[in-house]
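Below you'll find the structure, written out as structure tokens, and then a few comments.
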Amino acid sequence: MRALAIDVGTGTQDVLLFDTDREIENAFRLVLPAPTVIVADRIRRATDERRPVVLSGRIMGGGPSAWAARDHALAGLPIAVTADAGRTFDDDLAGVRAMGLRVVEPDEAAELARTPGAQAIELGDLDLPALEAALAPFGVELASIDALAVAVFDHGAAPPGVSDRRFRFARLAERLAADPEAGTAAFAYLEAEVPGAFTRLAAAAATACGWLDGRGRRGVPIVAMDTGPAAVLGALDDRRACGALAAGRPVVAVNVGNFHTLAMRLGPDGRIQAIMEHHTGELDRRQLVHLIRQTAAGTVSNDEVFASMGHGALVVPGWTGDRLAAGDHQRPLLLVTGPRRGLLGERVVRGLGRAVYAVPHGDMMQAGPFGLLRALAHLDPAWRDAVGHRLGPASLGR
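Now the structure itself:
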């Protein structure tokens, strides 16, 4: 059996083709530019060439693509967008119009795209036909995969006037309360079960479903997961994390992504005890260490994190916290992953010891895809033994 796992970030998209007939070290893998970076580059080229831009497709990750679209409009150049694509930039289309974009119906977008000189760009977090075409010359065929798992970061479609940061974190807290025994895998869903509030997750899953259906693969399981938890779940495959949990030690796992930083404290049973999420660009090393220690101790404040431009924090009810005064064999293991993990580095953090760079199965950049495979095994019993055979037994609570 083969499963395609794609972790879509802001800087890169990390791709792993898992094959039960291959050792995990021999699994084919790619690190490619993130879709939002690709779209941003195409818009900027159109800006430089003074060409009108027409955006269609589905909601996807913003950031670089949103900034490029805004700058195109600020340059006095026309840029049109369909409603579905426009929600990439703001769930409220009034905000999209305020950026200088013209929101149009799909038929008008198609007509504008045919205008001589226009740059038509289709938005979406997954470009499976392009990936399929890129791998085909190497004899790697994707159409017959047996499962597809994708991770994207989704703020959720907050109602007008509601902070998207608070809205996202409230949804994460709800999910954690609904399925505490799942640990980090609680933030993964089968395609049909993605909550309606998570429009970006749903769009990615729908793209995967449409591509598979078009290749006669209707019914292939599709998993959609949030990126931060996927990276943490994969990082837990690091042998030192597995050893710590097996020995009864908690783990404080931190994913320092290009845009977002997620810290989780997990008990020896794999259950999440505390969680904190922030914008990486708003943190310096001192602030990051402070928030990690608070998360590890159970003293992290939701209001403090939000006030400093983070998303929020949660200490799970019933957990009484940790004074972080235990000896080396009892204190939590501090496990760090993510492309910006150097912000913390392998430093000694008071009460936690020296930070350990996670290298699951020898490849830090594939932590997200490894986490997606673990989530697939958690959600689909048919994959449990196959994933466990190649990745090893899942840690407790997963």
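Letter by letter, the sequence shown follows residues 327 to 724 of the working numbering.
The C-beta atom is built at its ideal place from N, Cα and C for all residues, glycine as well.
Residue from the options with nearest C-alpha to residue i
{"i": "residue 549", "options": "521, 563, 675", "result": "521"}
{"i": "residue 337", "options": "479, 396, 423", "result": "479"}
{"i": "residue 547", "options": "701, 457, 493, 341", "result": "701"}
{"i": "residue 651", "options": "446, 371, 677", "result": "677"}
{"i": "residue 558", "options": "457, 466, 510", "result": "510"}
{"i": "residue 561", "options": "339, 674, 665", "result": "665"}
{"i": "residue 604", "options": "648, 597, 540, 494", "result": "494"}
{"i": "residue 674", "options": "588, 368, 611", "result": "611"}
{"i": "residue 442", "options": "703, 339, 376", "result": "376"}
{"i": "residue 340", "options": "690, 507, 403", "result": "690"}
{"i": "residue 431", "options": "450, 718, 410", "result": "410"}
{"i": "residue 692", "options": "350, 327, 427", "result": "350"}
{"i": "residue 551", "options": "649, 528, 365, 635", "result": "528"}
{"i": "residue 499", "options": "537, 513, 564", "result": "513"}
{"i": "residue 563", "options": "638, 366, 694", "result": "694"}
{"i": "residue 418", "options": "508, 488, 680, 660", "result": "488"}
{"i": "residue 595", "options": "502, 508, 644, 464", "result": "508"}
{"i": "residue 667", "options": "609, 716, 428", "result": "609"}
{"i": "residue 503", "options": "633, 649, 644", "result": "644"}
Residues that DSSP places opposite residue i in a beta bridge
{"i": "residue 604", "result": "587"}
{"i": "residue 448", "result": "382"}
{"i": "residue 354", "result": "343"}
{"i": "residue 640", "result": "601"}
{"i": "residue 552", "result": "478"}
{"i": "residue 516", "result": "549"}
{"i": "residue 333", "result": "340, 477"}
{"i": "residue 359", "result": "338"}
{"i": "residue 407", "result": "381, 429"}
{"i": "residue 592", "result": "577, 598"}
{"i": "residue 328", "result": "345"}
Residue j beta carbon less than 8 Å from that of residue i
{"i": "residue 448", "j": "residue 391", "result": "no"}
{"i": "residue 606", "j": "residue 584", "result": "yes"}
{"i": "residue 696", "j": "residue 707", "result": "no"}
{"i": "residue 485", "j": "residue 591", "result": "no"}
{"i": "residue 395", "j": "residue 425", "result": "yes"}
{"i": "residue 542", "j": "residue 586", "result": "no"}
{"i": "residue 385", "j": "residue 526", "result": "yes"}
{"i": "residue 482", "j": "residue 490", "result": "yes"}
{"i": "residue 343", "j": "residue 378", "result": "no"}
{"i": "residue 641", "j": "residue 626", "result": "yes"}
{"i": "residue 451", "j": "residue 387", "result": "yes"}
{"i": "residue 636", "j": "residue 600", "result": "no"}
{"i": "residue 597", "j": "residue 506", "result": "yes"}
{"i": "residue 523", "j": "residue 497", "result": "yes"}
{"i": "residue 567", "j": "residue 684", "result": "yes"}
{"i": "residue 477", "j": "residue 699", "result": "no"}
{"i": "residue 360", "j": "residue 335", "result": "yes"}
{"i": "residue 705", "j": "residue 457", "result": "no"}
{"i": "residue 670", "j": "residue 614", "result": "yes"}
{"i": "residue 393", "j": "residue 420", "result": "no"}
{"i": "residue 364", "j": "residue 398", "result": "no"}
Integer-rounded CB distance, given that residue j should sit under 8 Å from residue i
{"i": "residue 330", "j": "residue 468", "result": "6 Å"}
{"i": "residue 662", "j": "residue 682", "result": "7 Å"}
{"i": "residue 578", "j": "residue 622", "result": "5 Å"}
{"i": "residue 408", "j": "residue 435", "result": "5 Å"}
{"i": "residue 353", "j": "residue 345", "result": "6 Å"}
{"i": "residue 580", "j": "residue 570", "result": "Contact flag wrong, Cβ pair sits at about 14 Å."}
{"i": "residue 714", "j": "residue 703", "result": "7 Å"}
{"i": "residue 444", "j": "residue 380", "result": "6 Å"}
| message | To test your reading of the DSSP string, which unbroken alpha helix (DSSP H) runs of 4 or more residues are found completely within the stretch 660 to 694? | response | none
| query | Hey, which unbroken runs of the beta strand (DSSP E) at 3 residues or more fall wholly within the stretch 458 to 507? | reply | 473 to 478
| Hey, which unbroken runs of the alpha helix (DSSP H) at 4 residues or more fall wholly within the stretch 554 to 586? | 565 to 572
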